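Colleague: Shown below is the structure under consideration.
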Amino acid sequence: MWAGRVLRAAPSAAPRGRRALSALTQLRGVLEEELDAIRGAGTWKSERVITSRQGPRIHVDGVSGGILNFCANNYLGLSSHPEVIQAGLQALEEFGAGLSSTRFICGTQSIHKDLEAKIARFHQREDAILYPSCFDANAGLFEALLSPQDAVLSDELNHASIIDGIRLCKAHKYRYRHLDMADLEAKLQEAQNHRLRLVATDGAFSMDGDIAPLQEICHLASRYGALVFVDECHATGFLGATGRGTDELLGVMDQVTIINSTLGKALGGASGGYTTGPGPLVSLLRQRARPYLFSNSLPPAVVGCASKALDLLMESNAIVQSMAAKTKRFRSKMEAAGFTVLGASHPICPVMLGDARLASCMADDMLKRGIFVIGFSYPVVPKNKARIRVQISPCTARRTLTAVWRPSWRWGGCMGHYPDPAGDKQSQGLPPSTLTEGPFGQPSPEALSPLKILGLGWAKCVVKSVKQQCGNRLTCRCALFSLGRPSPVTS
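Yeah, the sequence shown ends on 491 if you go by the UniProt record's numbering, and it's all consecutive.
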């Protein structure tokens with residue numbers, strides 16, 4: 001009888017194999033269709049391979065010579081600081097490569113506790129808890145803290161990790177319009193019957209470079225009995241007089257309840273995130289936060305690097321002041337060229353282009369000319385809001401900042417189009433002798449040196465004529481510049 005069962009079962013093995021093969025084939029078809037759609041939309045994200053350490057000048061695989069780096073989150077330039085590197089090596093030698101364990105089993109070393117205490121002191125909070133990343137910190141906070149009795153109110157442009165973290169919790173969810181305090185107040189009024197009300201916002205928004213109005217947010221939170229949570233990933237280390245973030249910048253350090261931030265940007269650039277705030281909250285997170293409970297501890301080398309970065313930051317604010325000055329100069333030059341640069345004083349400088357293909361092609365062409373920037377498009381940013389994001393560092397020399405402006409005037413060649421300077425020079429109030437032709441028939445930057453960065457304006461002309469698209473080409477006729485601002489004439 002047993003043998004008969006085996007014989008009867010055997011014929012079904014082949015159909016299962018065919019079904020499995022068919023399912024795999026179907027999966028491949030679905031995936032290729034999705035990938036083709038991404039390519040067709042011009043939003044494909046290629047990964048450029050860096051063959052050097054992170055810094056203001058890097059080497060990129062397939063590109064000869066050094067490349068000026070304007071896209072890293074290495075805000076203070078500390079990822080390659082010799083003292084930071086030495087601290088990492090020392091921690092590696094003393095504490096090993098890793099813990100092979102979670103924190104609550106056997107993964108907590110003295111350096112982890114020391115760094116948590118240092119983070120709490122830096123932010124002037126009661127306690128802090130480390131995570132593998134700030135994405136994990138955001139994933140762990142809301143689910144552990146909020147129940148169905150509570151409410152969370154989130155800015156619509158908050159970082160994806162905040163959005164995903166909120167999705168994991170069972171609290172009632174309200175989304176208010178970006179930086180719209182009237183809408184936030186309306187949502188707070190709706191949420192009055194809930195036990196806890198938590199307003200969640202980025203301190204600085206990474207795609208737009210704008211800063212949350214924390215004074216108004218904290219005022220509304222106080223009025224309606226709410227708590228305030230701020231993600232400071234793009235603020236810690238460089239915003240505020242001593243680099244403590246947007247709450248210091250806006251004078252509300254004593255009104256923000258919870259801060260999440262990262263060690264992977266300004267503070268050494270390796271990895272790691274944290275939550276800092278009331279002691280009981282941190283204690284609760286150690287008991288309930290799933291990314292903390294089920295992830296390995298931060299490697300000792302990462303902890304050592306971050307600890308030294310905080311030491312350097314707390315010793316002097318000169319590096320913070322240097323970046324603020326360079327950011328102001330860069331933004332003013334870009335805006336003088338006629339470009340829309342979002343944000344105000346943040347070192348993230350989003351140069352708005354609108355069209356995804358345009359942003360991607362401009363970034364590719366800039367790389368060929370020795371400038372490393374990235375084009376951002378949907379789904380990282382909203383559709384038709386593509387941009388080139390330029391990021392400033394205090395390690396960037398002034399002459400290097402100038403270098404990023406000059407090549408921009410000819411970037412359009414990546415799509416086979418160039419501004420046409422054939423218009424009447426006299427009509428623009430410029431004598432013919434002031435304009436000599438460059439290699440592609442447009443005025444050379446040397447000839448237009450009094451306007452310095454007008455090259456960015458050429459790109460602006462192309463953006464304004466983006467609706468003239470025909471296949472993969474754009475047609476654009478540009479009049480000459482007047483005081484560095486474009487006067488486009490589309491054809």
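Note that beta-carbon positions come from the ideal geometry of N, C-alpha and C, so glycine has one too. Keep in mind that this is a model prediction, so the values were computed, not measured.
1. Which value, in whole angstroms, describes the spacing of the CA atoms of residue 435 and residue 34?
2. Can you tell me whether residue 130 is buried or exposed, with buried defined as 16 or more other CB within 10 angstroms of its CB?
3. By the DSSP assignment, the beta strand (DSSP E) with residue 391 in it spans what residues?
4. Name the two residues that bound the continuous beta strand (DSSP E) containing residue 43.
5. Does the Cβ of residue 27 have 16 or more other Cβ atoms within 10 Å, making it buried, or fewer, making it exposed?
6. Since residue 235 and residue 245 should fall inside the 8 Å C-beta cutoff, what is the C-beta to C-beta distance between them, to a whole number of angstroms?
7. Give every residue of the same chain whose Cβ lies closer than 7 Å to the Cβ of residue 304, excluding the five residues on either side of it in the sequence, and list them in chain order.
8. Pairs of beta-carbons, one from the region 280 to 290 and one from the region 59 to 67, closer than 8 Å: are there three or more?
9. Are the beta-carbon atoms of residue 376 and residue 253 separated by less than 8 Å?
10. Straight-line CA distance for residue 209 to residue 21?
11. Going by C-alpha distance, which of 154, 232 and 366 is nearest residue 221?
12. Check the DSSP bridge columns for residue 375 and list the partner residues they point to.
13. Identify whether residue 282 lies in helix, strand or coil by the three-state DSSP scheme.
14. Could you give the residue range of the alpha helix (DSSP H) that holds residue 496?
15. Quick one: what's got a C-beta closer than 8 Å to residue 372's C-beta in the same chain, skipping five residues either side?
16. Leaving out the 5 sequence neighbours to the left and right, which residues in its chain are closer than 6 Å to residue 392 when beta-carbon positions are compared?
17. What did DSSP end up calling residue 73 once you bin it into helix, strand or coil?
18. Compare the Cα-Cα distances from residue 288 to each of 19, 107, 146 and 126 and report the closest residue.
19. Could you give the C-beta distance for residue 292 and residue 140, rounded to a whole number, given that I count them as a contact under 8 Å?
Modeller: In brief:
1. For this step, residue 435 is matched to residue 435 along the sequence shown. For this step, residue 34 is matched to residue 34 along the sequence shown. Annotation note: pLDDT 29 at residue 435 (below 50); position unreliable, coordinate value reported separately. Computed Cα separation, rounded: 48 Å.
2. Position 130 of the sequence shown, counted from the start, is the residue given in the question as residue 130. Its Cβ being crowded by 16 or more others within 10 Å, residue 130 is buried.
3. Taking the first residue of the sequence shown as position 1, residue 391 is located at position 391. Start and end: 386 to 391.
4. Reading the sequence shown from its first residue, position 43 is the one you call residue 43. Element bounds for residue 43: n/a, residue is neither H nor E.
5. Walking along the sequence shown from the start, residue 27 turns up at place 27. By the neighbour-count rule (16 or more Cβ atoms within 10 Å), residue 27 is not buried but exposed.
6. Stepping through the sequence shown from its first residue, residue 235 is reached at position 235. Stepping through the sequence shown from its first residue, residue 245 is reached at position 245. About 4 Å; that satisfies the 8 Å criterion.
7. The residue labelled residue 304 in the question sits at position 304 within the sequence shown. Within the same chain, residue 304 has close Cβ partners 87, 88, 90, 91 and 111.
8. no
9. Taking the sequence shown and counting its residues from 1, the one referred to as residue 376 is at position 376. Taking the sequence shown and counting its residues from 1, the one referred to as residue 253 is at position 253. Cβ atoms of residue 376 and residue 253: not closer than 8 Å.
10. Reading the sequence shown from its first residue, position 209 is the one you call residue 209. Reading the sequence shown from its first residue, position 21 is the one you call residue 21. Their backbone Cα atoms lie some 48 Å apart in a straight line.
11. The sequence position of residue 221 within the sequence shown is 221, counting from 1. With distances taken between Cα atoms, residue 221 lies closest to 154.
12. Counted from its first residue, the sequence shown places residue 375 at position 375. Paired residue(s): 388.
13. For the purposes of this step, residue 282 is taken as residue 282 along the sequence shown, with counting starting at 1. Here residue 282 sits in helix by DSSP.
14. Since the first residue shown for the chain is 1 and the last is 491, residue 496 is missing from the structure and cannot be characterised.
15. For the purposes of this step, residue 372 is identified with residue 372 of the sequence shown, where counting begins at 1. Result list for residue 372: 48, 58, 60, 67, 68, 69, 70, 71 and 366, in chain order.
16. As a first step, residue 392 must be located in the sequence shown, where it is residue number 392. Excluding sequence neighbours, residue 392 sits near 326, 327, 330 and 347.
17. Here residue 73 refers to the residue found at position 73 of the sequence shown. Coil, per DSSP.
18. As a position in the sequence shown, residue 288 is number 288, starting the count at 1. Nearest C-alpha to residue 288: 146.
19. Start at 1 with the first residue of the sequence shown, and residue 292 comes out as number 292. Start at 1 with the first residue of the sequence shown, and residue 140 comes out as number 140. Going by Cβ atoms, the distance from residue 292 to residue 140 rounds to 6 Å, so yes, they are a contact pair.
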